[in-house]
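Protein chains in written order, with the working numbering: chain E, 0 to 96; chain Z, 145 to 373.
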């Protein structure tokens, strides 16, 4: 890969980041309502994706236990508590796997 | 948080686990990319591109002998999700377009999550959501950027964290589960989140080639139905 290709890929990446964030007018109406509902599904989707590997298998056991620990803390709606739950789950998973 | 929004310290504390995990993955990238790209281009790619998933994909493609058009096509495809992340964040980001363009460099899945959560929290507390989201995107973004560069350089130099690589991999599901719980403001949000998780799991197994696009595709799909009155 040449430095020019790296530069072009960097440009594509930045343009994709800036396109909606910098150039899009502030959304309103139905579009804004849909966008407001998107974050929770996106985060849940990203979490799921991090539990499935590229070769269609599940992540290691301790990682699953970490996710379960975090899931157990979701009613508290606190990022630090989810982290603590995740660490506890990971430690438990290490004992089993 | 204070009346004017989250402090730099509180943002860094919140984003520290993600930044630490990003640093660990940075060492893996640095070590894996160096034999293929060379030390200088490996570091340059992290400095300029700053996208772990894309950079790992590029290394895999290069090691399989892919040419420039395939690399550019992959970059374009994987980056499509930024359009949706930017659109979701846009209502929480005020100021001039130039200012937003500056912040845009730091738009990652993780920093997007922190910024959305900070903006929502500020809104609930009757403070400026724009300032909270912008500051959070910038500060957590700089933290993650420094972590990624540090990890890349350490990996290029041959260092690594083999003992904590597994734990670093666990940070991301934990982080996104926590962010999902923060973003759920109603039972309907929770149902949408669970539906998205199920659909994504199915897509990741059925169509692994499209997995990078799954979060935004599924996220928008389940967000489309209106709330029941």
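Glycine included, C-beta positions come from ideal geometry on N, C-alpha and C. Here the structure is a predicted model, which is why all the values come from computation and not from measurement.
Query	Result
is_contact[residue 296/Z, chain E] using C-beta, thresh 8 Å	no
Touching by the beta-carbon criterion (3+ pairs, under 8 Å), the stretch 249–267 of chain Z and the stretch 221–241 of chain Z	yes
Heavy atom of the ligand FMN within 7 Å of residue 252/Z beta-carbon	Of ligands this structure carries none, so the ligand FMN is not represented either.
Secondary structure of residue 270/Z, DSSP reduced to three states	coil
Backbone CA spacing between residue 336/Z and residue 77/E [nearest angstrom]	19 Å
Residues near residue 163/Z in its chain [Cβ-Cβ closer than 6 Å; skip 5 each side]	287, 288 and 291
Inter-residue Cα distance where the pair is residue 268/Z and residue 210/Z	49 Å
Check whether residue 69/E and residue 92/E have beta carbons under 8 Å apart	no
Completely contained alpha helix (DSSP H) runs for the stretch 190–222 of chain Z, where each covers 4 or more residues	196–207 and 212–222
Backbone CA spacing between residue 274/Z and residue 16/E [nearest angstrom]	18 Å
Residue 152/Z - DSSP class collapsed to helix/strand/coil	helix
Segment contact flag, the stretch 303–321 of chain Z with the stretch 205–225 of chain Z, C-beta cutoff 8 Å, min 3 pairs	no
4-residue-minimum alpha helix (DSSP H) runs that sit fully inside the stretch 169–193 of chain Z, ordered along the chain	183–192
Boundaries (first-last residue) of the alpha helix (DSSP H) holding residue 237/Z	No alpha helix (DSSP H) contains residue 237/Z, which DSSP labels as neither H nor E.
CA-to-CA distance, residue 180/Z to residue 325/Z, given in whole angstroms	40 Å
Opposing strand residues paired with residue 283/Z [DSSP bridges]	None; residue 283/Z has no bridge partner.
Delimiting residues of the alpha helix (DSSP H) encompassing residue 58/E	It is not in any alpha helix (DSSP H) - residue 58/E carries neither H nor E in the DSSP assignment.
Cβ-based contacts, 9 Å cut-off: residues of the stretch 73–90 of chain E near chain Z	73, 74, 75, 76, 77, 78, 79, 80, 81, 82, 84, 85, 86, 88 and 89
Cross-strand partners of residue 51/E (DSSP beta bridge)	57/E
First and last residue of the uninterrupted alpha helix (DSSP H) at residue 230/Z	224–233
Spatial distance of residue 240/Z from residue 283/Z (CA atoms)	18 Å
Residue 338/Z, enclosing alpha helix (DSSP H) - first and last residue	331–350
Option in 236/Z, 333/Z, 257/Z and 317/Z with minimal Cα separation from residue 143/Z	Lying outside 145 to 373, the shown extent of chain Z, residue 143/Z is not represented and no answer is given.
Close-in-space but distant-in-sequence residues of the same chain around residue 313/Z (CB under 8 Å, 5 per side omitted)	165
Cβ shell of residue 343/Z (< 6 Å), same chain only, five flanking positions each side left out	362
Proximal residues, the stretch 304–328 of chain Z versus chain E, C-beta separation under 8 Å	310, 311, 313, 314, 315, 316, 317, 318, 319, 320, 321, 322, 323, 324, 325, 326, 327 and 328
Residues of the stretch 33–46 of chain E with Cβ closer than 8 Å to any Cβ of chain Z, in chain order	33, 34, 35, 36, 37, 38, 39, 40, 41, 42, 43, 44, 45 and 46
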